[in-house]
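Colleague: Mind having a look at this structure? Questions to follow.
Protein chains: 4
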Amino acid sequence: MIKIGVFGATGYTGFETIKIIRHHPMAQLMFATSESTAGGNLGDLYPVDWDIPLISAANAPLDKVDAVFCCLPHGASMSAVMAARQANVRVIDLSADFRLTNSSVYQKWYGIAHESPQLLSEAVYGLPEINRAKIRETNLLANPGCYPTTVLLALYPLLKAKLLDPTASIIADSKSGVSGAGRKATLKTHFVEVNENLSPYNIGQSHRHIAEMIQLVNELGGVGDNLIFSPHLVPISRGMLSTVYVSLSDKLTADMVHNLYAETYANQPLMWILPLGQLATMAHTQRTNLAALSVTLVKPDQLIICASIDNLGKGAAGQAVQCFNVMFGLKEETALI
Amino acid sequence: MIKIGVFGATGYTGFETIKIIRHHPMAQLMFATSESTAGGNLGDLYPVDWDIPLISAANAPLDKVDAVFCCLPHGASMSAVMAARQANVRVIDLSADFRLTNSSVYQKWYGIAHESPQLLSEAVYGLPEINRAKIRETNLLANPGCYPTTVLLALYPLLKAKLLDPTASIIADSKSGVSGAGRKATLKTHFVEVNENLSPYNIGQSHRHIAEMIQLVNELGGVGDNLIFSPHLVPISRGMLSTVYVSLSDKLTADMVHNLYAETYANQPLMWILPLGQLATMAHTQRTNLAALSVTLVKPDQLIICASIDNLGKGAAGQAVQCFNVMFGLKEETALI
Amino acid sequence: MIKIGVFGATGYTGFETIKIIRHHPMAQLMFATSESTAGGNLGDLYPVDWDIPLISAANAPLDKVDAVFCCLPHGASMSAVMAARQANVRVIDLSADFRLTNSSVYQKWYGIAHESPQLLSEAVYGLPEINRAKIRETNLLANPGCYPTTVLLALYPLLKAKLLDPTASIIADSKSGVSGAGRKATLKTHFVEVNENLSPYNIGQSHRHIAEMIQLVNELGGVGDNLIFSPHLVPISRGMLSTVYVSLSDKLTADMVHNLYAETYANQPLMWILPLGQLATMAHTQRTNLAALSVTLVKPDQLIICASIDNLGKGAAGQAVQCFNVMFGLKEETALI
Amino acid sequence: MIKIGVFGATGYTGFETIKIIRHHPMAQLMFATSESTAGGNLGDLYPVDWDIPLISAANAPLDKVDAVFCCLPHGASMSAVMAARQANVRVIDLSADFRLTNSSVYQKWYGIAHESPQLLSEAVYGLPEINRAKIRETNLLANPGCYPTTVLLALYPLLKAKLLDPTASIIADSKSGVSGAGRKATLKTHFVEVNENLSPYNIGQSHRHIAEMIQLVNELGGVGDNLIFSPHLVPISRGMLSTVYVSLSDKLTADMVHNLYAETYANQPLMWILPLGQLATMAHTQRTNLAALSVTLVKPDQLIICASIDNLGKGAAGQAVQCFNVMFGLKEETALI
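Top to bottom, those sequences are chains A, B, C and D. Heads up: the first sequence is residues 5 to 341, going by the numbering used here. Heads up: the second sequence is residues 5 to 341, going by the numbering used here. Heads up: the third sequence is residues 5 to 341, going by the numbering used here. Heads up: the fourth sequence is residues 5 to 341, going by the numbering used here.
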């Protein structure tokens, strides 16, 4: 059994991580931290046969675990990650703190100086469908943001095949459920403000998640600055859909595009490429750890990709466990399907 | 034109009051207060042709108005009411501060001492269907709570006809939309906590609103202590339904019960008594200022009344304007249907 | 491995049953029927690694299975059950067809003659917390309705301890998510009609589910006719909460009541008795197979029980698998927590 | 008083039209038709003081009215419109039947032959902000679709100023509430299928509404075929938001763009141009008859316009009454704000 700990167990992503780990045949939860309810027990929040004391992060017994999942907010995550790495514990960090390779880019987008820039070079961006080999070896896994997961999975086959028109905008119109905004009570997450409403926010090139998308698109040979990304908040608890509009550098048929996606993601256990004629909806992946993609060719060089994930599944906790499985040489989909 | 002011214009009830007043042919809005956005303008919140500066309550020009609507939280309302009464302005207070006739009962339920107990004796409880004559004369109108409005309208015909079994419990199982909880951001009103959930709270005899129900039931000749009241929060923005279960002191037919309700509420412009066989739902009254009632006789002495209102309409702002209309001798339903 | 088949695999309960069975370590799905999509494949509806052909019920290979789950509508279920029993296959029937022991009572409530009244005597009502011994032996399990599950679990400790006042009404005010109404498209289940609405229906003693509640209450020594049951449809996909109001024949303390419930349900793996002071909400059990109960003593002889289940979990598919586990001598909570 | 009739009074748009007309000081409702509930009364559906018999369309007294609102589905609308025009009654048709000027284009998109192509030439497309002069004179008003209203209002200032890059795609990513799909019960509008889901449908160039968008864009000097339009169904009863991505033929500043929109829509009573830095959400226009627009310049030649309407307000009934007001020389916003 691989012994693990979870930092930030009572937020939405931490709790989801624990629910997945609970059914994981090869992982054993040794501790769970929560500053807000330290001294309590997970069994008070969830039923029946759980008995997991909630402790303060400062008291986490790092010497008893092989790996930790860090489910803390960005900024707060850095110190927990540093402590774990110093204790030689492998880390899966779900925050944004180790996703960007350049500390000044981090500071630009997140408004704070990075406390451990020396760790950035060993961090690996955790999209197994793109980065599996590196993930296998890393001790510091930076779990991707939910929005970037959809957009990058939508673009990857085109980037790999060098089919994106380098002179054209890439437009990602994304819709997210509210749990992506975290559990903190704000007017923006008040039921009456969200319900029966749909709100764009930070559209264009102003949402923080665009930084990691640009970084990856550039790494994969594309033009990151072509990205235009518009997130929208929708009155749904869990779910994410990105509708991605791209211009191709070549004229293709629908079958050619579909084959490209099917082949690129062949044998990827959590990828679901829909048949031509079907469109990915949030329901395809809700409360699963899958990503579903559909492709719709509008003109021979105009393509729409719909990418659906559960923002807490493949968009956070599910992907984190997927990376954990890769890191520890387990079957990648263990506990995930 | 009757000149009015609104205290607390940016909460849900204050804003709803202003939206009704805007279409009122005999009322003119002279000021609107908001502590959180003082210095702003209602036109920033709502479109096009509005130009109503938002001021601090301390700067309210009470000398320029005939009446004020106080849409402040309980506790905070008392001082605004006192100031208005000292300026000889008629008051419609939507808080709980002047609903209870006894200041020690107020203190018991609301946990604070009443600052102006001398005003309690002149306050009139604003249910026009029960109290119209007194409302006409008063200068201080205590607008009822939303829950009590449903329960008291459901019970009034039986109380008036002395048909309630005085030895049996009266069970009011109530369901409320979230706007009834106000606009303050809390974990209880977080979208993800409310959505796909339904929560009882303060059930039995522990919710504050039971105090005014008990008071009125006693005043109307019933046994207030028989009331058992269980509110539930439902994932709906606006709406309220109370399902009220009573034992009758006599055996009746369904027609007799229906006639009793139809006659008691004949000529009440905002009451909608449904035909036998139909049940009141939230949709019957949503975004209206009406109350809809249905009666279902289960056994000759066992009756269920379903009472539906919009918690911001007949449950708050609509009823406040209805009382305003009565106080100023206007047609009661002006601007309300 | 126990080999099983599922009739009616594409309705909400059938699909949920299959999702549970998929993770069941001792059960293997041999066939799944669907009239509407016969010829299709479950893998078209759900992702990745499923390959389960959907066949017509007429073609079900009953000789290859040990047990079947019948997830057909009432009326339609009878013939499938008869065929399975003739093939000596054990049956878990999720419809209402075998819940009532008396065929004329069935005919009264469901409006059709029972086609196999001879099977009614061997059917066992599948509430393991009440009926476990009989369930173990039966070959024909009648899985309870969702509403009766909540109400009967709420009342059972009082019935067992003979604490219900036999002269007083028992009032069950129940709220259900929409999946309980099935997948058929009707105006009643149209999004715009349900959303932002809450509707009572068939209240008093007119909903079909009251028949099985009355039967069980009578069997357990209570007065079934005291039941008043009011279902309400709420804008939620999955979830059920019943708020049950009873008069006690003795005066108790809150601790005494709580102990009674805790002891009655001690060692029941799917029961969650909340501590005094907490109230059961839909969220406590949503997307689980648990039932959560809370008790609130209003007066020494007036009690409110809140009973929460997921209508597709403990209210349908989860309870069906629980009964299956009992019938086959497996650990009762296998695949359920 | 202008005397009017409404065909199709019990659908969502018909009912909304009647609710607006009810408060219209210059319009009097003479008849309302409904095939499904002919013989009933609107007062059964809506409360208190309504007494409007519902009749079959075949019995509509066209000789008693000056104008009719046709709120029938496309295809069904044609015959009612022809009858009204033969009776010399002015028509506001809310269906798609008279929006396209070319009957073969109609046949291509709607799959049926047009029954009265001779009327197409006299029909005027009812976007007052673009077509006011023609609307004033017409006897046959084709009320725009909800999606086209958002997209065309978003594009009009750029088209008028010839600022759209003619070689670039125009991408309209649109999100609609469910009432836009009509009141017919289908699996697509089933609560459980819609709730907690978000679904793209008919994306690219395959949704019928793109035909009228292409027609108008071409008329206004743009390249209609550049349009890519992707509608999405969201779990909301009423509301619509289109996020429109365009490339400009010139490099502009944010202020220049904002001024263009502000000036183009100056003095348009139902247009609400948000200040720079704010984004249009569904809440801005929900249950109003307004359109709200925001502009976000991403790069000097890359612009995002967010356009919000209520699909039953400015997207259907509200715009129909606006056109009615223009046709009859009334103040355009009468009964609408």
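Backbone N, C-alpha and C define an ideal beta-carbon position, used for all residues, glycine too.
DSSP three-state label for Y269/A, please.
Modeller: Coil, per DSSP.
Colleague: Mind checking if V238/C is an interface residue toward chain B, Cβ cutoff 8 Å exclusive?
Modeller: With 8 Å as the cut-off, V238/C counts as an interface residue toward chain B.
Colleague: For V155/A, decide whether its Cβ has a neighbour in chain B, counting only Cβ atoms nearer than 8 Å.
Modeller: Not one chain B Cβ lies under 8 Å of V155/A.
Colleague: Could you please give the first and the last residue of the uninterrupted alpha helix (DSSP H) stretch that includes P152/C?
Modeller: Per DSSP, P152/C belongs to the alpha helix (DSSP H) from C150 to K164.
Colleague: So what does DSSP say about D48/A, is it helix, strand or coil?
Modeller: DSSP places D48/A in helix when its eight states are reduced to three.
Colleague: Output, in sequence order along the chain, the residues in the region 269–294 of chain D whose CB is closer than 7 Å to any CB in chain A.
Modeller: Per Cβ criterion, the list reads L283, T285, M286, A287 and Q290.
Colleague: Please identify the residue among N329/D, D70/D and Y269/D whose C-alpha is closest to the C-alpha of A165/D.
Modeller: The residue with the shortest Cα to Cα distance from A165/D is Y269/D.
Colleague: Leaving aside the five residues before and after L334/C along the sequence, list all residues of the same chain whose C-beta is less than 7 Å from its C-beta, in chain order.
Modeller: Closer than 7 Å at Cβ, skipping near neighbours: M30.
Colleague: Would you mind telling me which residues of chain A sit closer than 8 Å to C310/D, beta carbon to beta carbon, in chain order?
Modeller: Going along chain A in sequence order, the residues near C310/D (Cβ under 8 Å) are P204 and I207.
Colleague: DSSP three-state label for D67/C, please.
Modeller: If DSSP states are grouped into helix, strand and coil, D67/C belongs with the helices.
Colleague: What in chain D is Cβ-close to V93/C, meaning under 7 Å?
Modeller: Those within 7 Å of V93/C in chain D number zero; the least Cβ separation is about 31 Å.
Colleague: DSSP three-state call for L237/C: helix, strand or coil?
Modeller: The answer is strand: DSSP assigns L237/C an E or B state.
Colleague: Using the rule of at least 16 other Cβ atoms within 10 Å of the residue's Cβ for burial, across every protein chain shown, is G115/D buried or exposed?
Modeller: It counts as exposed.
Colleague: Considering only DSSP beta bridges, list what D314/A is partnered with.
Modeller: Looking at the DSSP assignment, D314/A forms no beta bridge with any residue, so it has no partner.
Colleague: Excluding the 5 residues preceding and the 5 following K23/D in the sequence, name in chain order all residues of the same chain whose CB lies nearer than 7 Å to its CB.
Modeller: Nothing listed; no residue qualifies.
Colleague: The alpha helix (DSSP H) spanning I8/A covers which residue range?
Modeller: Taken as a continuous stretch (DSSP letters only), I8/A belongs to no alpha helix (DSSP H), being part of the beta strand (DSSP E) at I6 to F11.
Colleague: What's the C-alpha gap between V10/B and D67/B?
Modeller: Those two C-alpha atoms are separated by around 14 Å.
Colleague: Checking contacts by CB at 8 Å: is G228/D closer than that to chain A?
Modeller: By this cut-off, G228/D is not an interface position.
Colleague: Which one of S234/B, L162/B and G43/B has the shortest CA to CA distance from M260/B?
Modeller: When each option's Cα is compared against that of M260/B, the closest is L162/B.
Colleague: Out of curiosity, what's the CA-to-CA distance linking A71/C and M34/C?
Modeller: Straight-line Cα distance between these residues: approximately 10 Å.
Colleague: Does the contact criterion of 3 or more C-beta pairs under 8 Å hold for the region 263–281 of chain A versus the region 321–340 of chain A?
Modeller: The region 263–281 of chain A, when compared against the region 321–340 of chain A, does touch it at the 8 Å Cβ threshold.
Colleague: Would you give the residue range spanned by the alpha helix (DSSP H) that F19/C belongs to?
Modeller: Segment Y16 to R26, the alpha helix (DSSP H) holding F19/C.
Colleague: Can you tell me whether N329/D is buried or exposed? The criterion is at least 16 other CB atoms within 10 Å of its CB, across all chains shown.
Modeller: It counts as buried.
Colleague: Within a Cβ cutoff of 7 Å, which residues of the same chain sit near T292/D, ignoring the five residues on either side of it in sequence?
Modeller: Result list for T292/D: D314 and G317, in chain order.
Colleague: Taking all protein chains shown into account, do 16 or more other C-beta atoms lie within 10 angstroms of the C-beta of G184/A, making it buried, or fewer, making it exposed?
Modeller: That one is buried.
Colleague: Let me know the secondary structure DSSP gives H194/A once reduced to three states.
Modeller: Here H194/A sits in strand by DSSP.
Colleague: Check whether the Cβ atoms of C75/D and G130/D sit closer than 8 Å, and answer yes or no.
Modeller: Against a cut-off of 8 Å, the Cβ pair of G130/D and C75/D comes out as no contact.
Colleague: Taking the continuous alpha helix (DSSP H) assigned at W113/A, which residues delimit it?
Modeller: Counting along the chain, the alpha helix (DSSP H) containing W113/A begins and ends at S107 to Y114.
Colleague: What are the residues that DSSP puts in a beta bridge with Q306/C?
Modeller: According to DSSP, which records beta bridges pairwise, Q306/C is partnered with S251/C and K303/C.
Colleague: Does the Cβ-Cβ distance between T193/D and F195/C come in under 8 Å?
Modeller: Yes, the pair counts as a contact, with Cβ atoms nearer than the cut-off.
Colleague: Grab me the residues of A296/B's own chain with a C-beta within less than 7 Å of its C-beta, minus the 5 sequence neighbours each way, in chain order.
Modeller: Excluding positions up to five away in sequence, the list reads W276, L278, A284, H288, T289 and S312.
Colleague: Would a check of beta-carbon distances place N199/D closer than 8 Å to chain C?
Modeller: It does; some Cβ of chain C falls within 8 Å.
Colleague: How is the beta strand (DSSP E) around S83/C delimited, first residue to last?
Modeller: S83/C -> not in any beta strand (DSSP E); alpha helix (DSSP H) instead, spanning S81 to Q90.
Colleague: Taking contact to mean at least 3 C-beta pairs separated by less than 8 Å, is the region 102–117 of chain B in contact with the region 302–309 of chain B?
Modeller: No contact exists between the region 102–117 of chain B and the region 302–309 of chain B.
Colleague: Taking all protein chains shown into account, do 16 or more other C-beta atoms lie within 10 angstroms of the C-beta of S251/A, making it buried, or fewer, making it exposed?
Modeller: Per the 10 Å Cβ criterion, buried.
Colleague: So, with DSSP's three-state summary, where would you put K138/B?
Modeller: Helix.
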